[in-house]
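To start, the structure under review is shown below, and the notes come after it.
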Amino acid sequence: GEKEAPAAPEATEEETLVVDNDEVDKASLKEITIGLVTDTGGIDDKSFNQGTWEGIKYYAKKFELPEGNISFLQSTSDADYIPNLSQFSEDKKDLMVAAGFLFEESIAKIAADFPDQKILFIDAVVEAPNVLNALFAEHEGSYLVGVAAALKAQDAGKDTVGFVGGMDFDTIQKFEAGFEQGVLAVDPNMKVVIDYVGDFNKPEDGQTLAAKMYDAGVYVIYHAAGGSGNGVIKEAKDRVQNGEDVWVIGVDKDQFSEGVYADGKSVILTSMLKAVYQAAYDTSKLVAQDKFEGGTRIYDLKANGVGIPAVNPNLTEEWTKKIEEYANKIRNGEIMVDPVPSRIK
Amino acid sequence: MLKKRSHLTLSLIAILLSFVVASVVMLISGISPLSFFLSLIRTMTGMNLRAIGKEGFFNARYLGEFIQMAMPIILTGLSVGFAFRTGLFNIGAEGQVIMGSVGAVAVGILFKLPFYIHLPLAIFVAALCGALWGWIPGYFKAKFGVHEVVVTIMMNYTALYLGNFIIKALPGSDNQKTVKLAATSLLHSKFLRQLTGNSRLHWGFIVVIIALFVYHFIIEKTTFGYELRAVGFNKDAAEYGGIKVSSRIAYSMAIAGAFAGLAGAMLTLGTFDYGRVIGTFENYGFDGIAVALLGGNTAFGIFFGGLLFGGLKSSQTLMQASGIPLEIAIIVSALIILFVAMKNGIDLVFEWMDARKRSKDESH
Amino acid sequence: MNLISSIVTLSLIYATPIIITALGGLYSERSGIVNIALEGIMVIGAFVAATFTPLNEAALGGWTPWIAILLGALAGGLYSLIHAFVSIDLQANQVISGTALNMLAIGISVYFCQIFFNQQRTQTFSRGFVKTNVPLFSKIPIIGDLFFKRMYYTFYLALLLVIVTAFILRKTRFGLRLRASGEHPSAVDSLGVSVRKMRYTGVLISGLLAGLSGGIMVLTQATQFTAGSIHGVGFISLAALIFGRWNAWGVLGAGVFFGFSQIFAIFSKDIPILAKVPAEIFHALPYILTIIAILLFSRRSAGPKAAGELYDVSKR
Amino acid sequence: MEQFIVEMRNITKRFPGIIANANVTLQLKKGEIHALLGENGAGKSTLMSVLFGFYQPEEGEIFVRGEKVDIKSPNIAYELGIGMVHQHFQLIDNFTVVENIILGDEPGGILIDYDKARKQVKELSLQYGLGVDPDSKIEDISVGMQQRVEILKVLYRKAEIIILDEPTAVLTPQEIDELIGIMKNFAAEGKSVILITHKLKEIIASADRVTVLRQGKYIGTVNVKDTTEGELAELMVGREVNFDVDKAPAQPGEDVMVIKDLWVKDQRKLDALKGLNLHLRRGEILGIAGVDGNGQQELVEAVTGLRKVEKGDIILQGKSIINDSIRERITKGIAYIPEDRQRRALVMDFRLDENIVLKTYENEPLSHGLLLDEVEIKKKGKRIIDEFDVRSSEGIDTIVRNMSGGNQQKAIIGREVDLDPLVMVASQPSRGLDVGAIEYVHKRLVELRDQGKAVLLVSFELDEIMSVSDRINVIYQGRITGDVLPEETTVQELGLMMSGSKEVTLA
Ligand SMILES: Nc1ncnc2c1ncn2[C@@H]1O[C@H](COP(=O)(O)OP(=O)(O)OP(=O)(O)O)[C@@H](O)[C@H]1O
Ligand SMILES: Nc1ncnc2c1ncn2[C@@H]1O[C@H](COP(=O)(O)OP(=O)(O)OP(=O)(O)O)[C@@H](O)[C@H]1O
Ligand SMILES: [Mg+2]
Ligand SMILES: [Mg+2]
């Protein structure tokens, strides 16, 4: 008896964002079972675990999967990855999903131990016939919010924006790189302050880092720091309530609501969406259609893998249009966004 | 002092009480204790009592995973127990595990050796690092008379950060983990894996068995063990008898640390094959406290206590799968510590009941 | 100046929960009961405060966090009574009891998050405490920038608690009796003062303060409660208590210093000579310093003499 | 019927495994000094703890001023005007005198009125001539002064009934006289005093009446003027007592151990021995007389190696031993019977045989290299318990905690004598033992002497010193202030030397 799918921690708008250009009838799909193994963040991490779970839930709802066909196992430490993955594999889930490069070793081992188990692996790559890897072009989406940050700062006569990362490694560096390029594309003289919290779950340190940046004259902070980013948002809210003018750019999902401080006013300028739910949804459907194949899929701007929210109350129409222009240039290859930040090279 | 009721009885009472309290918590929150116990049994025996006679009744992987999980806990239990026998409270096993892991990782990465040297060296260095981390508070206690509890708590955090620093500083590491250790340094076993349905069971259990015997042997059979026990029961008398109390305290903490260091080796050389940056404690040391208390600081008792805690820890997957918040396992562990700690109190309750019975008998 | 004032302000913000919890520890240890459950009590306080806030903030508005930390304090107080009962009445080893309660706190709080919210954390709240420029005071040159800008009012609460504690311990009847219980319990009993009551009170106050502090910590430094919300601050507080030599003003100093060393990791990157020092070193600093301090103090006797010892009235 | 200010009727108090008071009665008249006499463990302190509200008796009734009372706590005792000076001082070292005195009954409201407190303490001190400085810290004042603080605590609470539990153990004979004076003052003022002691002379000198307890039982109450020391002793121990120890005259040989200008610090890092000199000869028992706290503890610990020597030398058979470890000294022939046997000499949770090998477990054949030889250890244990008649329920397998005090002491003596030492250091070897056991201990010490060993006997009991020693050294403030022969001195003279008023040196 598997755990029934718990209610969503918080109602989010992601579901409606799932794009499906190939609408099919429920009858043409097998009734599949899906299991998500989370890392220690859990399905409520406001980041990729949560996003993935929401994609799965959206699929289950849309195609009316019976209760209990989707389930998750949360890992309390990385020592749990393998037992949890083994559990689902033994339960013969039609599709097993895991997100985050931390799973790399474990997925490789499980993929070998259970060659019939279909696996969706998000954010890193394991080469195996039964693993479909989903990679996201975070740098492309980050480029767009970089543009937004620069436009907003220019408008306010400010010359500095900032980036707060969770931990300093490849995936997060892609956010940094895209943001920096986006900012400089609008205004080459703009300063971009870069810093990392060193942890995805230390909101207090995120807050302190934000305080430090704002005190040093940073106007807009783009955070890619998961739970630590909540501290960045909190600092901005506190400051705005004391009459200061500062902004935050959210990450992974539309964080507008998290930045609300008074009557629908939010410190969130815009957000960089990373549509992990899209990957979860797409892959579930592939499995249900018996079309699942190992390999790697890139979710970039073109594939609706990244982007900014459709509605951005804090951006002017003019800015939104500008951003859309840049987006089109990226889509058609006119602009190539480099995933490696300048400081690394 | 409890002389009348055996430690075994009190331990069983403590376990029973914790299960009762945890069951009440589960019932109040609308969760079936039965599923909890079935998960625990399934993890510790491999048998699914809900599927007797059906397919999937037995799964050897659970057994392998469970033993694999119990190994470091038995070792930290030995660590805490060893110190207890010398009258010392080693809250520092947590930090000693971390330092042991780090030591094993460093050897695994930095050296290129044939396995018959590499593996023993990695295990030895793990024990050594743990020993050092235990020796420091032991030495401070012996030399300056500072209490080991506070120092070991501080050493735990120091180990957490220092360990992460070293892991990141090793060649090839990123912010999360090191490169893979050389295969020659690992305890992994294809044979054991296949035997147990692809679990992560590894050769470490041999180390654990040896450690259990060594523990028993040192404590019970050697002059050194005699000295440690004398110091543990009564430092003043030990000193009077000519035993060098300070050095015994320092050695005892070092040996305790070595056991914990071995636990670190089990994790990095057995469970994993790379070194990890950890965000927070993984509670192997704290479980060790529970296990030592439960096992009455004997090798035998610690072995069984370690199995129980290993079972609790590794049954979390199945608990989740049956809709039980995995935290219930933590609650049970904590309650066991609490109830074992209350053994004086439990004894008092018995005494009080005896006395009441006696006075009743008298009044008749 | 900007840099200095933000370092000072942030240090004080980090110091706030450390100070309050350490004051709690002070009451307990002065009464003779070692309380390493401070961390766990903070967890309970944080959990309760963070559970209350999102459920009531719409209705209660700006009062929410204040009520929430009060409830956190109450919960911490109740929870600490377990420690009191187990270690005073049942004569358990105080360190073991504390260890168990630390574990239990995480277990219970996250368990009930799962039950209440179906997730491992509480819901996010939007009305935690808000950093404020204190009216009037923030206008004072320099002082205003350092101590009254973008500050949480809870810091001034901590300051007030330090003053009150110092006063109680030195000047009042209760303070004298409390200190005596931690030094020589049988002397206290022989004068007709119940050591048991004093110790229960000491532990209870420690629970109230640690619970309060946990609530403050989560409502100032986070937007929801998670298993990692307290992450060792209870133990840093224990260190601050020792570093501050079981004395309210000492605790204030140690708390501020440890607060500083926590945020310093974040600021050191901008200071050329320190930029190369890994953040881990700064994180480990309070603990290493505490070990050093303990070694230095070891020559002179410090701390309540009877703290941690079993005291059994019948075995006097 | 006469009206008693306190009457305890048929009190029974049990502890697990022992009846400390069995059906005990005590009647205290107003204005009298009433002694409570009994051997160690007779139940004196327990009875007074019942009166003071520490313990609740299982049976019996207490009347104060004719009214039946239920003394549930010391608070109620104080309300009834009962105060107690405890055998073990109940003072907080790092608090001041005033703080110690007012604790629990502080003047002022929530805030303590320290000025008022100080004034009250000063006045009381003046009134009874106690000479106590209210602002000193306890750790800085002498033991005698600390006792006066204890007395002040009682006076401060306006006690009419004052219990003094063995107040003289820590005092010099002269201080004892002063204390008796203070007690008589109290009695003259109409206060009633209960004096606990097992020293007969003090009773004769101070008390009006005396109640005797033996093994928890009430033996009787007698008027002091109608009795003698001998009679009291007989009541106390239940048979005729022979104060003399049977022994032939000593035949001392050459010096075995010489101590030269020894300086040793105490726990608080203050000088406890200040240039102590003594010598100890083969075949003699050298008694060290002195009031507790004059450096006896430090002396035996310096000799046995338990305490560091700051300066000076200890020479055993011509060689200095001050740099030797404890174990080395044991090997060289220093045996030690410590005064606190349960804390120092025994691992109470070890078996008897394990305790018997505490000093020799590392020697062949008890162990081989690192390995213990259980068989040999048991063999040795059996031999010792047979030879020294150590009795316990499970023989060598008995956990020592479960043995009686006398048998514990026999086991220690067996272990130490079996070391075949040159020097036996015996510190208060008869403390807490009944008369039979005391005789046994003394006999063994004399036997050792007769075998040509040297015995260093430390005791606070002058009677023991006088009857057992062949030669007496008096220790005062860390130095030997007298070297006399028992047959050539008196207790009074020793007392003067113990208080530093007189120095006598034998050639
Ligand atoms: N709290 C206790 N628990 C158990 N037994 C006790 C306790 N207090 C005293 N006893 C026992 O009760 C008996 C009487 O002890 P008590 O202290 O009253 O003797 P005493 O006459 O005062 O002796 P002393 O002269 O040594 O002070 C002794 O056997 C003692 O061991
Ligand atoms: N806790 C215990 N458990 C088992 N037996 C005990 C315990 N305490 C005492 N005994 C046994 O009870 C008997 C009486 O002990 P107790 O201490 O009263 O002796 P005692 O009369 O005071 O003798 P002594 O004069 O030698 O001190 C002894 O045989 C002792 O071994
Ligand atoms: Mg007594
Ligand atoms: Mg006895």
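So the sequences go chain by chain: A, B, C and D. Numbering (the numbering used here) for the first sequence: 3 to 347. Numbering (the numbering used here) for the second sequence: 723 to 1086. Numbering (the numbering used here) for the third sequence: 34 to 349. Numbering (the numbering used here) for the fourth sequence: 1216 to 1722. From the three backbone atoms N, C-alpha and C, an ideal C-beta is built for every residue, glycine too.
Check, Outcome
"Output, in sequence order along the chain, the residues in the region 1033-1052 of chain B whose CB is closer than 7 Å to any CB in chain C.", "P1047, E1049, I1050, I1052"
"Can you tell me whether D/K1259 sits near ligand 1, meaning its C-beta is under 6 Å from at least one heavy atom of the ligand?", "yes"
"Nearest CA to the CA of C/N126: which residue from B/G919, B/V819, B/F806, B/L854?", "B/F806"
"Which same chain residues, not among the five before or five after B/L1070, have their C-beta less than 7 Å away from its C-beta?", "none"
"When DSSP labels each residue in this structure, what does D/I1627 get in the three-state scheme?", "helix"
"From D/K1475 to D/E1516, what does the alpha carbon distance come to, in whole angstroms?", "15 Å"
"Using beta-carbon positions only, say whether C/R232 and C/I121 come within less than 7 Å of one another.", "yes"
"For D/A1463, count neighbouring Cβ atoms within 10 angstroms of its own Cβ and tell me buried if that reaches 16, exposed if not.", "exposed"
"DSSP on C/W99, reduced to helix/strand/coil?", "helix"
"Run through DSSP, which three-state label would B/I1000 get?", "coil"
"With a CB to CB cut of under 8 Å and the five nearest residues on each side skipped, what residues in its chain are close to C/F118?", "none"
"Listing by chain order, which chain C residues have their CB less than 8 Å from the CB of B/L1015?", "I129"
"Contact check, B/T765 vs B/S1044 under 8 Å by CB: the rounded distance?", "The Cβ separation is near 11 Å, so there is no contact."
"Can you find a C-beta in chain A that's less than 7 Å from the C-beta of B/M1064?", "no"
"Mind pulling the chain D residues with CB within less than 8 Å of B/F955?", "V1562, M1563, D1564, F1565"
"Just to confirm before moving on: does the CB-CB distance between D/L1514 and D/R1686 stay below 7 Å?", "no"
"Using the C-alpha atoms, what's the distance from D/G1490 back to B/G867?", "29 Å"
"Relative to the C-alpha of C/Q295, which residue among C/I275, C/W282, C/A317 is closest?", "C/A317"
"In angstroms, rounded to a whole number, what distance separates the CA positions of B/F913 and D/G1610?", "53 Å"
"Could you please give the first and the last residue of the uninterrupted beta strand (DSSP E) stretch that includes A/S73?", "72-76"
"Could you pull out every residue in the same chain whose Cβ sits closer than 7 Å to the Cβ of A/E6, ignoring the five residues on either side in sequence?", "Interpretation of A/E6 is limited by its pLDDT of 39, a score under 50 that renders its predicted location unreliable; the figure taken from the coordinates is listed afterwards. Cβ within range, chain order: E69, G70."
"Do D/I1552 and D/E1631 count as a contact pair if the criterion is CB distance below 7 Å?", "yes"
"Rounded to whole angstroms, what's the CA-CA distance from A/Q119 to A/D93? Just pull it up for me.", "10 Å"
"Please confirm whether D/N1509 has its beta-carbon closer than 7 Å to some beta-carbon of chain C.", "no"
"If you follow the alpha helix (DSSP H) that B/Y1006 is part of, which residue opens it and which one closes it?", "1006-1016"
"Alpha carbon to alpha carbon, what distance is there between D/V1473 and D/V1719?", "19 Å"
"Short check: CB of D/A1402 to CB of D/I1248, under 7 Å?", "yes"
"Does the distance from the C-beta atom of A/V188 to that of A/V149 stay below 7 Å?", "yes"
"Closer than 8 Å between beta carbons: that is the criterion. Which residues of the region 73-87 of chain A meet it against chain C?", "Q76"
"Once DSSP output is grouped into helix, strand and coil, what is the label at C/T165?", "strand"
"Measure from the C-beta of B/L762 to each C-beta in chain E and report whether the shortest distance is under 7 Å.", "Protein chains in the displayed structure are A, B, C and D, and chain E is not among them."
"Tell me the DSSP secondary structure of D/H1301 in three-state form.", "coil"
"Taking D/A1250 as the reference, which of D/P1382, D/K1334, D/L1660 has the closest Cα?", "D/P1382"
"Closest to A/M215 by C-alpha separation, out of A/F165, A/E320, A/D256, would be which residue?", "A/F165"
"Flag D/Y1270 as yes if its beta-carbon sits less than 7 Å from any beta-carbon of chain B, otherwise no.", "no"
"Report the three-state DSSP secondary structure of A/W249 (helix, strand or coil).", "strand"
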